[in-house]
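I have placed the structure first, in the form of structure tokens, so that the comments after it can refer back to it.
Protein chains: 2
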Amino acid sequence: MSPPLSDAGLDLLWRRARTHRAWMDRPVDDALLRRVYDLAKLGPTSANMCPLRIVFVKSPEAKDLLRPCLNEGSRDLSAPVTAVLGMEVHFYEDLPKLLPHTDARSWFADLPAERLEYIALRNASLQAAYFMLAARSLGLDCGPRSRFDPRRVNETFFAGTTVKSNFLCNLGYGDPRALRYWRDPRLDFDEVCSIR
Amino acid sequence: MSPPLSDAGLDLLWRRARTHRAWMDRPVDDALLRRVYDLAKLGPTSANMCPLRIVFVKSPEAKDLLRPCLNEGSRDLSAPVTAVLGMEVHFYEDLPKLLPHTDARSWFADLPAERLEYIALRNASLQAAYFMLAARSLGLDCGPRSRFDPRRVNETFFAGTTVKSNFLCNLGYGDPRALRYWRDPRLDFDEVCSIR
Chain R
1 MSPPLSDAGL
11 DLLWRRARTH
21 RAWMDRPVDD
31 ALLRRVYDLA
41 KLGPTSANMC
51 PLRIVFVKSP
61 EAKDLLRPCL
71 NEGSRDLSAP
81 VTAVLGMEVH
91 FYEDLPKLLP
101 HTDARSWFAD
111 LPAERLEYIA
121 LRNASLQAAY
131 FMLAARSLGL
141 DCGPRSRFDP
151 RRVNETFFAG
161 TTVKSNFLCN
171 LGYGDPRALR
181 YWRDPRLDFD
191 EVCSIR
Chain S
1001 MSPPLSDAGL
1011 DLLWRRARTH
1021 RAWMDRPVDD
1031 ALLRRVYDLA
1041 KLGPTSANMC
1051 PLRIVFVKSP
1061 EAKDLLRPCL
1071 NEGSRDLSAP
1081 VTAVLGMEVH
1091 FYEDLPKLLP
1101 HTDARSWFAD
1111 LPAERLEYIA
1121 LRNASLQAAY
1131 FMLAARSLGL
1141 DCGPRSRFDP
1151 RRVNETFFAG
1161 TTVKSNFLCN
1171 LGYGDPRALR
1181 YWRDPRLDFD
1191 EVCSIR
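If you read the protein sequences in the order shown, they are chains R and S. Here the first sequence is numbered in the working numbering, starting from 1 and rising by one per residue. Here the second sequence is numbered in the working numbering, starting from 1001 and rising by one per residue.
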């Protein structure tokens, strides 16, 4: 029975948080990226699996590798960091470590490839959401983005592995002057929820 | 450049939050479920889509419908509420409302069924994570669960629709005395992240 988040906290994570596309000239330290991950990793997943993989694209050289993977008209890489959020489709190889009291590896290891990717996608997406909210928790702004060529991102950043890209997320300190004043609508409670 | 979450907030959402399996005898008001959704809906998704669908199972009658969908040995429904988290595979039908300034419906409407489900799964899982963290933000505890028959849940709660189940999540006020004192390990930053 914990007291709820303060109004400032609710604003930071939810009510005043926005997807940013323009960034202040303020760097993001590597130590802060570590702190973001160290919060995000605590969020719950199925069987305690940890399929999320992250490449933080920060240097000019890494941005030059990422740029041609982005769709035309969506090649801006002015954010201090762009996180390439991927998923380890062979996530079960880590389960002896993550859920040591049972043979959880055997629950998944023989599933067909499409089924494994489905489970990886579910749990890596949960973890990607934790990652974005952990970033906001530490005062960073996020700008998730989907307009890229997943095959090319896989070849560029995950070649020779069983990791596949999920989506990208810019990180930094958003410039509030560049936000539109309105927020796109969402579906209301009564449109998508029922209480039975 | 917002100040980060307070220590109490970081504890509430991340550091002291745990998956609960035993519950205090304290009800969860419908108004609180609405407040949880009204925060969760604000989280970012691709093209502002809102594929998340929720049935809150609260009454004894609804629990009697859910119980036979659960795996043997995982049929405990003592939590005040169990949320059935689903995904609308035809999410694109809502896009004219959610992204009104462009024809986003046409980006998705002709995709094959498996591709639509893949996109719905990614975004409904992001929204499911927002939902759990929104619940924690308002002082609730969560207990996500995967041990159920998805086909039977679909037939019971989503018959005649294009919604599919994703996973379940108990909600209430967890009994801290029932928690194990340890936390299962997670993968460390250097195991899953790189900075380039």
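All C-beta atoms, glycine included, are put in the ideal place defined by N, C-alpha and C.
- The continuous alpha helix (DSSP H) containing Leu-1098(S) extends over residues 1095-1098.
- Within the stretch 1169-1189 of chain S, the residues whose Cβ lies closer than 7 Å to some Cβ of chain R are Tyr-1173, Asp-1184, Pro-1185, Arg-1186, Leu-1187, Phe-1189, listed in chain order.
- By the 16-neighbour rule on beta-carbons within 10 angstroms, Pro-1100(S) is exposed.
- Annotation for Asn-1166(S): the continuous beta strand (DSSP E) segment containing it runs 1163-1172.
- DSSP places Val-1028(S) outside any alpha helix (DSSP H), giving it a letter other than H or E.
- As the crow flies, the alpha-carbon of Pro-144(R) is around 18 Å from that of Phe-1131(S).
- Secondary structure at Asp-76(R): coil, using DSSP grouped into helix, strand and coil.
- Taking CB atoms only, Arg-1067(S) has no neighbour in chain R less than 8 Å away.
- In this structure, Val-81(R) is the residue among Phe-157(R), Leu-187(R), Ala-109(R), Val-81(R) with its C-alpha nearest to the C-alpha of Tyr-173(R).
- Not a single CB atom of chain R sits nearer than 8 Å to the CB of Tyr-1092(S).
- Beta-bridge analysis with DSSP links Ala-1128(S) to no other residue.
- Using a Cβ-Cβ cut-off of 7 Å, Val-1057(S) is close to Arg-196 of chain R, given in chain order.
- Assignment of Asp-110(R) by DSSP, reduced to helix, strand and coil, places it in the coil class.
- Pairing Arg-1147(S) with Leu-1013(S) gives a Cβ-Cβ distance that is not under 8 Å.
- Straight-line spacing of the CA atoms in Ile-1195(S) and Pro-96(R) works out to 27 Å.
- Here Leu-85(R) carries a strand assignment [DSSP, helix/strand/coil].
- DSSP, read as helix, strand or coil, puts Arg-136(R) in helix.
- Against Asn-48(R), the close residues of chain S are Asp-1184, in the order they occur along the chain (beta-carbon pairs closer than 7 Å).
- Contact check for Asp-1038(S) against Phe-189(R) passes: the beta carbons are separated by less than 8 Å.
- Distances from the alpha-carbon of Leu-85(R) to those of Asp-76(R), Ser-59(R), Ala-128(R) put Ala-128(R) closest.
- Contact of Ala-1128(S) with chain R by beta-carbon distance below 7 Å involves Leu-126.
- Leu-1138(S) and Glu-61(R) have their alpha carbons spaced roughly 43 Å apart.
- Across the structure, Asp-1103(S) and Cys-1142(S) are spaced so that their CA atoms are roughly 37 Å apart.
- Within the same chain, His-1020, Ala-1022, Trp-1023, Met-1024 come within 8 Å of Asp-1175(S) by CB-CB distance, once the 5 residues on both sides are set aside.
- The Cβ-Cβ distance between Ala-134(R) and Pro-51(R) does not fall below 8 Å.
- For Glu-155(R), the closest C-alpha among the options Cys-193(R), Leu-111(R), Cys-69(R) is that of Cys-69(R).
- Listed in chain order, the non-local C-beta contacts of Asn-1166(S) below 8 Å within the same chain comprise Leu-1085, Gly-1086, Met-1087, Leu-1121, Ala-1124, Ser-1125, Ala-1128, local neighbours out to five positions each way being set aside.
- Put simply, the CB of Lys-41(R) is near chain S, with a gap under 8 Å to one of its CB atoms.
- DSSP lists Gly-172(R) as the bridge partner or partners of Asp-141(R).
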